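These notes are about the structure you will find just below.
2 protein chains.
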Amino acid sequence: MGIITIKDIAKALNLSTSTVSRALRGSYEINAETKRLVMEYAERMNYRPNPIALSLKENRSRSIGVIIPEIANNFFSQAINGIESIAYNRGYHVVISQNHESYERELVSTQYLAQRRVDGLLVSLSGESNDLEHFKELQSKGLPIVFFDRVPQDYITHKVTADNFAGAYEGTEHLIQQGYRRIAHLTSPSWLSITYERLEGYKKALQNHGIPIDESYIKYCSHGGMIADEVENAVLELIHHPNRPHAIFSAGDRLTTSCISLIRKEGLRIPDDIAIVGFTNLVSAHLLNPALSAVTQPAYEMGQLATEFLIDLIERPKATIRFESKRLDTRLVIRESSLKSSKNFN
Amino acid sequence: MGIITIKDIAKALNLSTSTVSRALRGSYEINAETKRLVMEYAERMNYRPNPIALSLKENRSRSIGVIIPEIANNFFSQAINGIESIAYNRGYHVVISQNHESYERELVSTQYLAQRRVDGLLVSLSGESNDLEHFKELQSKGLPIVFFDRVPQDYITHKVTADNFAGAYEGTEHLIQQGYRRIAHLTSPSWLSITYERLEGYKKALQNHGIPIDESYIKYCSHGGMIADEVENAVLELIHHPNRPHAIFSAGDRLTTSCISLIRKEGLRIPDDIAIVGFTNLVSAHLLNPALSAVTQPAYEMGQLATEFLIDLIERPKATIRFESKRLDTRLVIRESSLKSSKNFN
DNA sequence: TTTTTTTATGCAATCGTTGTCGGTAACGTT
DNA sequence: AACGTTACCGACAACGATTGCATAAAAAAA
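In order, the protein sequences belong to chains A and B. Read in order, the letters of the first sequence correspond to residues 1 to 346 in the numbering used here. Read in order, the letters of the second sequence correspond to residues 1001 to 1346 in the numbering used here.
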């Protein structure tokens, strides 16, 4: 009574496997009575077609691969839920793979998923990736790829991002409106799209309010802030900067939490000594001490949209497609960490 | 030049597929020179065996399936990292599937993974699961299953858990030692192993300190606290209890965060009005307001250990096995949320 | 009754890989 | 010269499912 195959059904009913196969898919060629017999037996024996055999035959798997930096990041786990919500409705399974911010692991994951014949790939780049040949090659072989969140610039396909520029602009402007002028920016590796876009938003907000840009206020942390020491150094440099910034606009969860920890460890108060606005999808942002003002990305919706794009690519491979780069709005939630204190700066 | 197969190599080198296959696996039956030829060509063409064909033939996939309630839960995402760390070292891939605390989805995930011929299953039960037939059936067909965290009681296989009893005991005793006597317990669905064990630890601590157990202080939230309303009601009942508890021992992240939110929304202070100790794997527990005292589980290690158990089962199916139930120590981290205030109770 | 058409089914190939079996040389042994 | 070994290699089947083609029987048309 192991797992039942089409062959077992054929044998039991004294039919050929072809007949059984066709009966199960309701082919018009098969006698209604035979169909009924087969269907009933299959039902009773709880028959399920072997997806592996199908994958081999049809060279596809009805599944999509997702490659992201870290599951243990609220943004991505929310995005995954969005991805799954669409994928399952459209009959696809989702296979998740982490790159842990490593180019090497991204490569391995990509190869693995391609070998397993996923029908398409949903990718958010690792903090190390600048070479994209592995993706280009697969795409040229016909594997649809959609990027989201951390997208490559010179790559022609659908892309889904948050409106990082606007989000960063809004976050920075909020700090300015609170009266802060010495605003630092703590961010991810310089070559990532999110880094660039957020940086531009930050700069533009400063410019528009006549605040000069101080490059020593801008700190990049490679590996997406995965390496604790690096973030620590960056924050310490800001804290001990000859003109200590009065506010920090931080571009990611790990950066933000490390930043808060360190500021407090150094005996400074938030927002009195240093105000903070983060870019975060932490569900407990409002419970932090102080409650964190933050730009939040529509992670769930981004996952959904990217998945819709991908499945469209998968299911209409011939269609002449105008690739889109969709930006979704972010949302600034103002809480305590960015409120202007009574202290007077400048 | 799409994906290359053994057949292509055979054709190019004027050999049979069998010879190529054997050459690639270094069979002694194949001439050294032929081997070299095949190897080189395969290398040059970047040949990779098709894992799907192998799965079909060998009826296994060199991958293990993981079924957990929610990725977006720090405990589980940490556990996944532990799982992957072992799995990849031993040559297995990891396929992750969420049950979203639903029995139905757990069933679907299980079937799916079984169909995809995972070589084994790593499971933490959904908040709805009390029927385990689907697992039993697969196991009887030879699919190894190891449970971790939320384990079934009457089920013979390896199990890995945190020492929930001891953790809960320690957390509760800490509250008692701080001087609290009216201590409530906010917990998950009653039929889950973690619920029972933590509850017992809580009760035992009270008993050992001569504090009577008040059943109205014990609140179960089904669905693992996924349904916000339910948690909300439970917390409100505690807050408006005729003898309002002075401390709450909370058994999970979602419970704890909701609890903190509500207490603050009701205008009460932590720990002055109500102290809190949680069971959590939040990395930002120390950044909460107030910093959260919590029992932390060794999620990563639990994932690792469960995976080692599973792979042993997979690779030595014949061996007569004494199934183990391993408990790993928890760690109590005391922060502000549980410190005795100056107020005098009773 | 014979021929044609329809209906229902089976055969065999296919996907990529490996195991079983068998075959063919080249060599050594008597 | 006859036979046995050894070293190498290929044909075929199998894994589970689908599908184009062939074909049997039955029905319809001639």
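By construction, the Cβ of each residue, glycine as well, lies at the ideal position given by its N, Cα and C atoms. Given the structure is predicted, the values throughout are model-derived calculations rather than measurements.
{"query": "Start and end residues, beta strand (DSSP E) containing Thr187 of chain A", "result": "Ile183 to Thr187"}
{"query": "Whole alpha helix (DSSP H) elements within the stretch 114–175 of chain A, 4-residue minimum", "result": "133–140"}
{"query": "Contact list for Gln352 of chain A against chain B, beta-carbon separation under 8 Å", "result": "Residue 352 of chain A is absent from the structure shown; chain A starts at 1 and stops at 346."}
{"query": "Closer than 9 Å to chain A by CB, Asn1346 of chain B", "result": "Model confidence at Asn1346 of chain B stands at a pLDDT of 41, short of 50, so the residue's coordinates are unreliable; what they give is reported in the following sentence. False, the Cβ-Cβ gap to chain A never drops below 9 Å."}
{"query": "Alpha helix (DSSP H) segments (min. 4 residues) lying fully within the stretch 280–316 of chain A", "result": "299–315"}
{"query": "DSSP state of Asn1346 of chain B mapped onto helix, strand, coil", "result": "Low local confidence applies: a pLDDT of 41 at Asn1346 of chain B is under 50, so the model's placement there is unreliable, and no value is given."}
{"query": "Whole-angstrom distance between Asp272 of chain A and Phe135 of chain A, CA atom to CA atom", "result": "47 Å"}
{"query": "Delimiting residues of the alpha helix (DSSP H) encompassing Ser97 of chain A", "result": "It is not in any alpha helix (DSSP H) - Ser97 of chain A instead sits in the beta strand (DSSP E) that spans His93 to Gln98."}
{"query": "Cross-strand partners of Val1416 of chain B (DSSP beta bridge)", "result": "Here chain B comprises residues numbered 1001 to 1346, so residue 1416 of chain B is not present and cannot be evaluated."}
{"query": "Where Phe249 of chain A falls: helix, strand or coil (DSSP)", "result": "strand"}
{"query": "Which of helix, strand or coil DSSP assigns to Gly201 of chain A", "result": "helix"}
{"query": "Sufficient close CB pairs (3 or more, under 8 Å) joining the stretch 53–70 of chain A to the stretch 1047–1059 of chain B", "result": "yes"}
{"query": "C-beta atoms of Phe309 of chain A and Val160 of chain A nearer than 9 Å", "result": "yes"}
{"query": "Interface residues of chain B facing His209 of chain A [CB-CB closer than 9 Å]", "result": "Near His209 of chain A there are no residues of chain B at all, since even the closest Cβ is about 30 Å away, more than 9 Å."}
{"query": "Residue environment, Phe1345 of chain B, which counts as buried when at least 16 other CB atoms sit within 10 Å", "result": "For Phe1345 of chain B, the pLDDT reaches just 45, beneath the cut-off of 50, and the residue's location in the model is therefore unreliable, although a value from the coordinates is still provided. By the neighbour-count rule (16 or more Cβ atoms within 10 Å), Phe1345 of chain B is not buried but exposed."}
{"query": "Of the listed residues A:Val108, A:Val95 and A:Ser61, nearest to Ile1071 of chain B (C-alpha basis)", "result": "A:Val95"}
{"query": "Within 9 Å, strictly: CB atoms of Thr208 of chain A and Glu173 of chain A", "result": "Note that residue 208 of chain A is Asn in the sequence shown here, rather than Thr. Yes, they are a contact pair."}
{"query": "Spatial distance of Arg60 of chain A from Arg1062 of chain B (CA atoms)", "result": "19 Å"}
{"query": "Nearest-angstrom Cβ-Cβ length linking Leu287 of chain A and Asn74 of chain A, presumed shorter than 8 Å", "result": "About 13 Å; that fails the 8 Å criterion."}
{"query": "Residue-level contact to chain A via CB, His1093 of chain B, 9 Å cutoff", "result": "yes"}
{"query": "Residue-level contact to chain B via CB, Ser126 of chain A, 9 Å cutoff", "result": "no"}
{"query": "Short-range partners of chain B found in the stretch 285–301 of chain A, where Cβ spacing is below 8 Å", "result": "His286, Leu287, Leu288, Asn289, Pro290 and Ala291"}
{"query": "Glu230 of chain A versus A:Ser188, A:Phe148 and A:Tyr196, residue with shortest Cα-Cα distance", "result": "A:Ser188"}
{"query": "CB-CB length for Ala306 of chain A against Phe148 of chain A, believed under 8 Å", "result": "4 Å"}
{"query": "Same chain, Cβ closer than 6 Å to Ile1004 of chain B, five either side skipped, listed in chain order", "result": "Met1045 and Tyr1047"}
{"query": "Cβ shell of Ala1234 of chain B (< 7 Å), same chain only, five flanking positions each side left out", "result": "Leu1186, Lys1219 and Cys1221"}
{"query": "For Gly65 of chain A, three-class secondary structure by DSSP", "result": "strand"}
{"query": "Residues in the stretch 239–264 of chain A having any Cβ partner in chain B nearer than 7 Å", "result": "Thr257, Ile260 and Ser261"}
{"query": "Collapsed DSSP secondary structure at Ala234 of chain A in the structure displayed", "result": "helix"}
{"query": "Beta-carbon proximity check, Val1151 of chain B vs Leu1121 of chain B, cutoff 9 Å", "result": "no"}
{"query": "Opening and closing residue of the alpha helix (DSSP H) in which Ser1338 of chain B lies", "result": "Note, Ser1338 of chain B: premise wrong, no alpha helix (DSSP H); not H, not E."}
{"query": "Straight-line gap, Thr320 of chain A to Pro144 of chain A (C-alpha atoms, nearest Å)", "result": "13 Å"}
{"query": "Short CB-CB distance (under 9 Å) between Ala1114 of chain B and chain A", "result": "yes"}
{"query": "Within chain A, partners of Pro1317 of chain B - CB distance below 9 Å", "result": "None at all; the shortest Cβ gap to chain A is about 14 Å."}
{"query": "Short CB-CB distance (under 9 Å) between Glu1230 of chain B and chain A", "result": "no"}
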